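As given, the protein sequences belong to chains A and B, one line each in that order.
No gaps in the numbering here: position 148 of the first sequence is 157 in my numbering, and each next residue is one more.
No gaps in the numbering here: position 425 of the second sequence is 509 in my numbering, and each next residue is one more.
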Amino acid sequence: MNRKRINPAVLVIIMLGIGLQITFAHSVFTNIGVIIITCLYLSYCKTSSKLLILTSLYAFPLALGSWWSFIAFGTGDVWHIAWIYASRVYAYLYLGAIVTLTVPIKDILLSLALHLNLSSTFVYGLLASFNLLGRIKSQYKTIRYSAMMRGTTYHFWNPNLYLRIIIVALNWSQDLAEAMTSQGFTEGAQRTLTYKDNLPKWQWGLAALLILLYFIFSFLVRPW
Amino acid sequence: MSISLKVEDLTFTYSKDSEPIFDNLDFTLPINSFNLLIGPSGSGKSTIFKLMSGLYPQYNGTKKSGRILLNGQEITDIVPFERARHVAMLFQNPSRQFAMKTVFEQLVFALENIQYPAHLITKKATTVLNNLNLWQFKDRVLQTLSGGEQQRVALATILALDSPIIFLDEPFANIDSASRLVILAELKQMQIAQHKTIFISDHDISNYAGLVNHLYEIKLSSKNLLELPLSKLSKLPNQTKIVKKNLPDNAAFSWHNLSFHIGERLLLSPNSLSIPKGYVGLLSGDNGIGKSTLFAALAHQKKYSGNIFYNGKPSEKIRLNNWAKIVANIFQNSSDQFIKLRVNEELELSQSNSLHSEYWTAKRVQDAVNKLNLTHVLEHVNYQLSGGQQKKLQALIILIMSQPVMLFDEPFAGLDISSLAILLTLIKQTTKDLDSSTLIISHQRRGVIEHIDYEFLMRAQTITRLGEP
Numbered sequence: 010m011n012r013k014r015i016n017p018a019v020l021v022i023i024m025l026g027i028g029l030q031i032t033f034a035h036s037v038f039t040n041i042g043v044i045i046i047t048c049l050y051l052s053y054c055k056t057s058s059k060l061l062i063l064t065s066l067y068a069f070p071l072a073l074g075s076w077w078s079f080i081a082f083g084t085g086d087v088w089h090i091a092w093i094y095a096s097r098v099y100a101y102l103y104l105g106a107i108v109t110l111t112v113p114i115k116d117i118l119l120s121l122a123l124h125l126n127l128s129s130t131f132v133y134g135l136l137a138s139f140n141l142l143g144r145i146k147s148q149y150k151t152i153r154y155s156a157m158m159r160g161t162t163y164h165f166w167n168p169n170l171y172l173r174i175i176i177v178a179l180n181w182s183q184d185l186a187e188a189m190t191s192q193g194f195t196e197g198a199q200r201t202l203t204y205k206d207n208l209p210k211w212q213w214g215l216a217a218l219l220i221l222l223y224f225i226f227s228f229l230v231r232p233w
Numbered sequence: 085m086s087i088s089l090k091v092e093d094l095t096f097t098y099s100k101d102s103e104p105i106f107d108n109l110d111f112t113l114p115i116n117s118f119n120l121l122i123g124p125s126g127s128g129k130s131t132i133f134k135l136m137s138g139l140y141p142q143y144n145g146t147k148k149s150g151r152i153l154l155n156g157q158e159i160t161d162i163v164p165f166e167r168a169r170h171v172a173m174l175f176q177n178p179s180r181q182f183a184m185k186t187v188f189e190q191l192v193f194a195l196e197n198i199q200y201p202a203h204l205i206t207k208k209a210t211t212v213l214n215n216l217n218l219w220q221f222k223d224r225v226l227q228t229l230s231g232g233e234q235q236r237v238a239l240a241t242i243l244a245l246d247s248p249i250i251f252l253d254e255p256f257a258n259i260d261s262a263s264r265l266v267i268l269a270e271l272k273q274m275q276i277a278q279h280k281t282i283f284i285s286d287h288d289i290s291n292y293a294g295l296v297n298h299l300y301e302i303k304l305s306s307k308n309l310l311e312l313p314l315s316k317l318s319k320l321p322n323q324t325k326i327v328k329k330n331l332p333d334n335a336a337f338s339w340h341n342l343s344f345h346i347g348e349r350l351l352l353s354p355n356s357l358s359i360p361k362g363y364v365g366l367l368s369g370d371n372g373i374g375k376s377t378l379f380a381a382l383a384h385q386k387k388y389s390g391n392i393f394y395n396g397k398p399s400e401k402i403r404l405n406n407w408a409k410i411v412a413n414i415f416q417n418s419s420d421q422f423i424k425l426r427v428n429e430e431l432e433l434s435q436s437n438s439l440h441s442e443y444w445t446a447k448r449v450q451d452a453v454n455k456l457n458l459t460h461v462l463e464h465v466n467y468q469l470s471g472g473q474q475k476k477l478q479a480l481i482i483l484i485m486s487q488p489v490m491l492f493d494e495p496f497a498g499l500d501i502s503s504l505a506i507l508l509t510l511i512k513q514t515t516k517d518l519d520s521s522t523l524i525i526s527h528q529r530r531g532v533i534e535h536i537d538y539e540f541l542m543r544a545q546t547i548t549r550l551g552e553p
């Protein structure tokens, strides 16, 4: 934990800056470059390899699907396009992973609020809903069980089940909004911020450099 | 700094075309005092608190006339962070008032909101948690705490805000009587020492004599707030004890070597008991001891070791959808019970699937609805009911289902004494008529004990039947 890390806000900038360009770039090599660099950072951060392998497996059908559809139905240089799209899936995946798998969600949001002026309404709204996720899962179980006690079965494809979950979530959000207001939370107002993180200036430089390098290689050098 | 909170000529309604809930209400909150608000469920105890905290009409309802003035200024015009420094409120439902994940983060969040100096926040949060004996919970995830523990954390959040005026809406609904007495004494001491103004709404008026400076009641007839003489608090009937009965040995429902954990913590070490048919039992024990978890295990909603038997058959072989027709768990949180939108839809569903439809005739259901005073809300969306009305509806829809084993988790929380008596009579009557086995968790003992046939006590990882050798 004491190892030096890149600040979450900088990571988000890198993710957006490169991610947006990937969408327009037509190069397998730069995609692979992104994959290699992000994987190096992930291993530097000692991200759980089990988790990484699992997410990679989840993404495999997507990569294979787009690869295969270009091979089967594409026109022109189908092999090149197929590999671009397949590698793009993994480039996106690991680019996202350097943010979401190395920093807790709370730190990402608070860091964005601290360094990039993300509104606190957005930060705490999102945080509150993330904290509710676990409860929604258990609510799903509760609703199904409540239905059983009343002699009906809500199968997982039953829309009533989801309608119920939505109603419950809406009511929670109303109660939560009231409680947050009464605890002094004010939209758009100043708050004390106890969250602190380390953001040396060179990290902004690093972000700019990486984004620029990617731009030069993808759009000017354009390797295969 | 002098502070004042005044309600002037207030008329408030939930929807424009319905009757107002308060009509030309005038009220001045007596500052530096300890006050208690009583009134039947659904009379507007939560509503008046939310109005005086500035949350309504922002979040619900319409103010037709009148003003609510905090220090002479209309309260809804004051920004929330400024308001929270003067007025704080503790909500009835403990689990839905936390924005953050852990106990400590929650306190920090509240202090940040009111722009408390950054370097003092940790110190302040630590002091408050220590004062409420919550320090060991500091890093616990809020959603894993028991109802009573959550309510204490919510209380800590409010005390951290240091507001001079504090509204507590049914704060003890999920708290055992011993902790209730401790917290009441602490609140009184704090009120005097720190010159606070405390206004509590409670359905249970015991133990307030000598603490309270003013007693108020919401009068439904005049839609107004009335001050009552304090003598009402000291003329309470004595608590009766459970009359020991020799119950027949007719149990159809039992458990053998039952045990379970929460995380690493053992809540129940192997325990064997059975519950008789046709009687109502009480399950008592301290907060967080594992009473609700026992119900969850018996209902197959929580992993356990050991066996649960029904009619001599181990339940582990019975599929959940069939088991749910044998054991009903009436949840602490009423809204978890509802699966339809409106009150009448909930009742119709129970009636058409009732396991004893010959008993629950249309007339009997109608009678029960009338007695529980739910007739005028049949068309309402069940979420819009007051806390007490939800409790009554929830109990009724399960009583109509009539499972042979019914486990009620705090069915009386937030109910006034007359609603409680009606509901308990209904539970008792159904249990007797249908020969069911009923077990109730209730922190509220007044008005309950005299109707109970036996008591189980959960303590130190074991459950024993009181009055047995």
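Each residue gets a CB set at the ideal place from its N, CA and C atoms; glycine is no exception.
Quick caveat: nothing in here was measured; it's all calculated off a predicted structure.
query                                                                                                                                      : result
Cutoff 7 Å; reference residue 239 of chain B; Cβ partners in own chain excluding five residues on either side                              : 174, 216, 255
Neighbour list for residue 180 of chain A in chain B, Cβ cutoff strictly below 9 Å                                                         : 180, 419, 467
Cα-Cα separation, residue 130 of chain A to residue 197 of chain A                                                                         : 7 Å
Option in A:92, A:102, A:171, A:93 with minimal Cα separation from residue 65 of chain A                                                   : A:102
Cut-off 6 Å between Cβ atoms - residues of its own chain near residue 549 of chain B, not counting five sequence neighbours on either side : 540
Local Cβ density within 10 Å of residue 554 of chain B, reported as buried at 16 or more and exposed below that                            : Given a span of 85 to 553 for chain B in the structure shown, any question on residue 554 of chain B remains unanswerable.
Cβ shell of residue 110 of chain B (< 7 Å), same chain only, five flanking positions each side left out                                    : 91, 92, 93
Residue interval of the alpha helix (DSSP H) (run including residue 166 of chain B)                                                        : 164-168
Buried versus exposed call for residue 269 of chain B [16 or more other C-beta atoms within 10 Å across all chains shown]                  : exposed
Neighbour flag for residue 10 of chain A against chain B, beta carbons, 8 Å                                                                : Here residue 10 of chain A scores only 44 on pLDDT, less than 50, and its place in the model should not be relied on; the value that follows carries that caveat. Not one chain B Cβ lies under 8 Å of residue 10 of chain A.
Positions along the segment 132-157 of chain A whose CB lies within less than 7 Å of some CB in chain B                                    : 133, 136, 137, 140, 143, 144, 151, 152, 154, 155, 156, 157
Assigned exposure category for residue 96 of chain B - 16 Cβ within 10 Å defines buried                                                    : buried
Interface residues of chain A facing residue 409 of chain B [CB-CB closer than 8 Å]                                                        : 157, 158, 160
Where residue 214 of chain B falls, given that 16 or more other Cβ within 10 Å makes a residue buried                                      : exposed
Nearest-angstrom Cα separation, counted from residue 393 of chain B out to residue 58 of chain B                                           : The structure shown does not extend to residue 58 of chain B, since chain B spans only 85 to 553, so no value can be given for it.
Within-8 Å CB hit, residue 193 of chain A to chain B                                                                                       : yes
Within 8 Å, strictly: CB atoms of residue 151 of chain A and residue 202 of chain B                                                        : no
Which listed residue (B:226, B:172, B:486) has its alpha carbon closest to that of residue 253 of chain B                                  : B:172
Partners in chain A for residue 185 of chain B, counting only beta-carbon separations shorter than 7 Å                                     : 140
Residues, ordered as in the chain, of the segment 183-209 of chain A that lie near chain B by beta-carbon distance below 8 Å               : 183, 184, 185, 186, 187, 188, 189, 190, 191, 192, 193, 194, 195, 198, 199, 200, 201, 202, 203
Members of the segment 166-180 of chain A that neighbour chain B once the beta carbon cut-off is set at 8 Å                                : 169, 173, 176, 177, 180
DSSP beta-bridge partners of residue 119 of chain B                                                                                        : B:283, B:298
Within-8 Å CB hit, residue 376 of chain B to chain A                                                                                       : no
Three-way DSSP call (helix, strand, coil) for residue 425 of chain B in this model                                                         : coil
Minimum Cβ-Cβ distance from residue 434 of chain B to chain A less than 8 Å                                                                : yes
Three-state class that DSSP yields for residue 89 of chain A in the structure shown                                                        : helix
Chain A contact for residue 275 of chain B (CB, 8 Å cutoff)                                                                                : no
Three-state class that DSSP yields for residue 157 of chain B in the structure shown                                                       : strand
Any C-beta of chain A under 8 Å from that of residue 210 of chain B                                                                        : no
Residues sharing a beta bridge with residue 490 of chain B, DSSP                                                                           : B:412, B:522
Beta carbon proximity, residue 137 of chain B to chain A, threshold 8 Å                                                                    : yes
Beta-carbon proximity check, residue 314 of chain B vs residue 296 of chain B, cutoff 8 Å                                                  : yes
Reference residue 473 of chain B; option with closest CA among B:449, B:507, B:446                                                         : B:507
Residue 196 of chain B: first and last residue of the uninterrupted alpha helix (DSSP H) it sits in                                        : 187-197
is_contact[residue 86 of chain B, chain A] using C-beta, thresh 8 Å                                                                        : no
The beta strand (DSSP E) enclosing residue 256 of chain B, as first and last residue numbers                                               : It is not in any beta strand (DSSP E) - residue 256 of chain B carries neither H nor E in the DSSP assignment.
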